Amino acid sequence: MSVEIREVLSKKDLKTFIHLPAKLHRNEKNWVPPVYMDDRIYFNPRKNKSFSYSDTILLLAYQNGKAAGRIMGLINHRYNEIKQENHTRFCWFEGYENEEVAINLLQAIETWAKDKGCLRLVGPFGFSDKDPQGFLIDGFEYLPVIASNYNSPKAPEFMMKSGYEKEVDLVVYKLDIPKELPDFYQKIYSRISGNGDYRLVEYTKRSQLKKHIRPIFSLINETFTHIYGFMPFEKKEMDDFANRYLAVIKPQYVKSVMKEDEIIAFVIGMPDISEGVKKAKGYVLPFGFFHILNAQKKTKRLSLLLGAINQDYRGKGLDVLMGTKMIESAWKGGFEYIDSHLELEENAVMRAEMEKMGGKVYKKYRVFGKNL
46 MSVEIREVLS KKDLKTFIHL PAKLHRNEKN WVPPVYMDDR IYFNPRKNKS
96 FSYSDTILLL AYQNGKAAGR IMGLINHRYN EIKQENHTRF CWFEGYENEE
146 VAINLLQAIE TWAKDKGCLR LVGPFGFSDK DPQGFLIDGF EYLPVIASNY
196 NSPKAPEFMM KSGYEKEVDL VVYKLDIPKE LPDFYQKIYS RISGNGDYRL
246 VEYTKRSQLK KHIRPIFSLI NETFTHIYGF MPFEKKEMDD FANRYLAVIK
296 PQYVKSVMKE DEIIAFVIGM PDISEGVKKA KGYVLPFGFF HILNAQKKTK
346 RLSLLLGAIN QDYRGKGLDV LMGTKMIESA WKGGFEYIDS HLELEENAVM
396 RAEMEKMGGK VYKKYRVFGK NL
C-alpha cells in the first residue's frame, strides 16, 4: 500500500484537495465542512493577495489510487522579513489518521522547506493568524466555530511522535452569560459611561458598519503587532475580509468606542453558524444560506471574532463599556454563552478579562514546530 505524493497542478487536483476532508471526516459528528465558496477564493492566487508574497505548494497523497491526504506548505516572506525568521509553515493537513500517508506528506513538506533554505517548520498555520491555526488538543467534544480547526486526538499525537514540539498554545474560553451584571462591572460601566470623552457606537444596519470597516482594521494593524503570526491588513485585504463576513455578521453584535472622530476600541461578535454550515454541507448556494441564517437564529453560542483597544486608552474601562452592551445584546438574542475565539496562552490581559467574568477554558489548540 505504497503512498504516492502529487503536487496540485490542475483545477481537478484543486477540487480534490478542497473536498477531500469531507470524505475523510464523514463519520465524525463534530467536524464542520468549510464554506466552499470561501475556499475557492482562498486557494486562487488571483483573488488571494497572500500568494503574491509567499512561496506555496499544495500536495495530495494517493494510496491504492485514491486520494488519502493533503497538505499545504508556505513561506510567508513578508512575515519572515518583519520577524527576521526563516520559517516554513504547513497547513490544511489531512490524512493523519493514516500514519503512512501522514508521514509521507509531512516529510514532503520538510524536504520542500529544506530545499528552500528554511530552518524551521511550524503549523498548522496559514498565511496569517486570520486563517485557522493549530491542532485541537483539548475540547474535542465541542463543535468548532468559524475560522477554527477541528481534528481528532490522533493529529497532535502524530505530530509529537514525528518529533514536533509546542510552538505556541491558544486557548478558547466559554463564558456563561450572566443573568445580571456583576457589581464591579456595573460600577465601572457607570463611571466610564458618564465620561463625555468617549462615545459608544452601536449598529443597527450593515451600511452603518461598512463605513467603519477601514478604521476598525487600521486599529487592528496598530494593536496586533505583537500577536503571533499577525500580518497587517492592506486596504484591499480590509475590504476583502469585510466582504467575506459582512453577509453573516449581525450589526447589533458589533460595538465600538469613539473619541471625537476616531475609533479607539471595538469588538465584533457573531452568532455561531456551525450547525448551519454543517447542514448545508459547506455549500452556500442555492439553499445553504437559509440553513446558515436559520442556525444564527437558533444558536445559543455567540462567538467573539475580533476586538481591540488603542494602547493609549487601555485600562480606562472601555472593555467594560463594550462588554456591558454586548451582554445586553446577547440577552436580547437569547444566547446562553460566549465563545472567546482563540487567544494566545501568553496573552495575560485578555485572559484576565475573560476570567474576571467567570470564563473557563474549554478548548485548547497547539501550533507545533520542528527545526529542520
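Take the sequence shown: its letter number 1 is residue 46 in this note's numbering, and every next letter is one higher. The C-beta atom is built at its ideal place from N, Cα and C for all residues, glycine as well. These figures come from a predicted structure and were not determined experimentally.
For residue i, the first and last residue of its enclosing alpha helix (DSSP H)
{"i": "Y152", "result": "One point to set straight first is that residue 152 is Gln, not Tyr, in the sequence displayed. Per DSSP, Q152 belongs to the alpha helix (DSSP H) from E144 to D160."}
{"i": "E126", "result": "H122 to K128"}
{"i": "K326", "result": "That residue, K326, is in no alpha helix (DSSP H); it is neither H nor E in DSSP."}
{"i": "V190", "result": "Segment: none, V190 is in no alpha helix (DSSP H) and carries neither H nor E."}
Residue j beta carbon less than 7 angstroms from that of residue i
{"i": "G179", "j": "R411", "result": "yes"}
{"i": "A112", "j": "T61", "result": "yes"}
{"i": "P296", "j": "K342", "result": "no"}
{"i": "K345", "j": "E320", "result": "no"}
{"i": "I50", "j": "N143", "result": "no"}
{"i": "S385", "j": "Y218", "result": "yes"}
{"i": "F203", "j": "Y124", "result": "no"}
{"i": "F413", "j": "Y195", "result": "no"}
{"i": "M276", "j": "R259", "result": "no"}
{"i": "K300", "j": "K401", "result": "no"}
{"i": "L347", "j": "A310", "result": "no"}
{"i": "N131", "j": "S99", "result": "no"}
Under the three-state DSSP convention, the category residue i falls into
{"i": "L338", "result": "helix"}
{"i": "E279", "result": "coil"}
{"i": "L64", "result": "Note that residue 64 corresponds to His in the displayed sequence, not to Leu. Here H64 sits in helix by DSSP."}
{"i": "R259", "result": "helix"}
{"i": "G118", "result": "strand"}
{"i": "D174", "result": "coil"}
{"i": "S418", "result": "Not covered by the structure: residue 418. The range shown for the chain is 46 to 417."}
{"i": "E320", "result": "helix"}
{"i": "D84", "result": "helix"}
{"i": "I308", "result": "strand"}
{"i": "A200", "result": "helix"}
{"i": "Y407", "result": "strand"}
{"i": "F96", "result": "helix"}
{"i": "F332", "result": "coil"}
{"i": "K361", "result": "coil"}
{"i": "A287", "result": "helix"}
{"i": "I265", "result": "helix"}
Which residues DSSP lists as bridging residue i, in chain order
{"i": "M315", "result": "S348"}
{"i": "E388", "result": "V216"}
{"i": "L166", "result": "T133 and K415"}
{"i": "L254", "result": "Paired residues: none, contrary to the question."}
{"i": "I383", "result": "L220 and L347"}
{"i": "A112", "result": "Y107"}
{"i": "K211", "result": "F413"}
{"i": "I294", "result": "Answer by DSSP bridge pairing: none, since I294 is not bridged."}
{"i": "E139", "result": "R115"}
Beta strand (DSSP E) segment containing residue i, residue limits
{"i": "E73", "result": "Taken as a continuous stretch (DSSP letters only), E73 belongs to no beta strand (DSSP E), as it is neither H nor E."}
{"i": "Q231", "result": "That residue, Q231, is in no beta strand (DSSP E); its alpha helix (DSSP H) goes D228 to S238."}
{"i": "G184", "result": "Here G184 belongs to no beta strand (DSSP E), and DSSP marks it neither H nor E."}
{"i": "K304", "result": "V299 to K304"}
{"i": "I50", "result": "V48 to E52"}
{"i": "I272", "result": "No beta strand (DSSP E) contains I272, which DSSP labels as neither H nor E."}
{"i": "A397", "result": "Here A397 belongs to no beta strand (DSSP E); instead the alpha helix (DSSP H) covers A393 to K401."}
{"i": "S99", "result": "S99 to Q108"}
{"i": "R244", "result": "R244 to E247"}
Residue nearest to residue i in terms of C-alpha spacing, selected from the options
{"i": "F138", "options": "E126, K128 and A153", "result": "A153"}
{"i": "L349", "options": "Q129, A192, I258 and L164", "result": "A192"}
{"i": "V302", "options": "K94, E320, R244 and K323", "result": "R244"}
{"i": "G171", "options": "E320, L119 and L59", "result": "L119"}
{"i": "V246", "options": "E305, A325, S173 and A375", "result": "E305"}
{"i": "C163", "options": "D176, Q129 and I86", "result": "Q129"}
{"i": "P169", "options": "T156, F185, P201 and V146", "result": "P201"}
{"i": "N109", "options": "V146, I372, N392 and K408", "result": "V146"}
{"i": "V394", "options": "A353, F278, W376 and P78", "result": "A353"}
{"i": "L291", "options": "R115, L254, E307 and T268", "result": "L254"}
{"i": "R396", "options": "D364, R289 and T369", "result": "D364"}
{"i": "S95", "options": "V329, K281, I63 and D221", "result": "K281"}
{"i": "F262", "options": "P78, L351 and Y358", "result": "L351"}
{"i": "A106", "options": "P331, H132 and L59", "result": "L59"}
{"i": "S493", "options": "C136, E400 and S55", "result": "Missing from the structure shown is residue 493; the chain here goes from 46 to 417 and no further."}
{"i": "T101", "options": "L54, E73 and V77", "result": "L54"}
{"i": "L65", "options": "N89, Y81 and L330", "result": "Y81"}
{"i": "N288", "options": "Y230, S252 and S99", "result": "S252"}
{"i": "M315", "options": "P331, L338 and I127", "result": "L338"}
{"i": "E358", "options": "D160, I318 and E267", "result": "According to the sequence provided, residue 358 is Tyr. The question's Glu does not apply to it. Measuring from the Cα of Y358, the nearest candidate turns out to be E267."}
{"i": "F88", "options": "L103, V77 and W76", "result": "L103"}
{"i": "G274", "options": "E212, I233, Y328 and D317", "result": "E212"}
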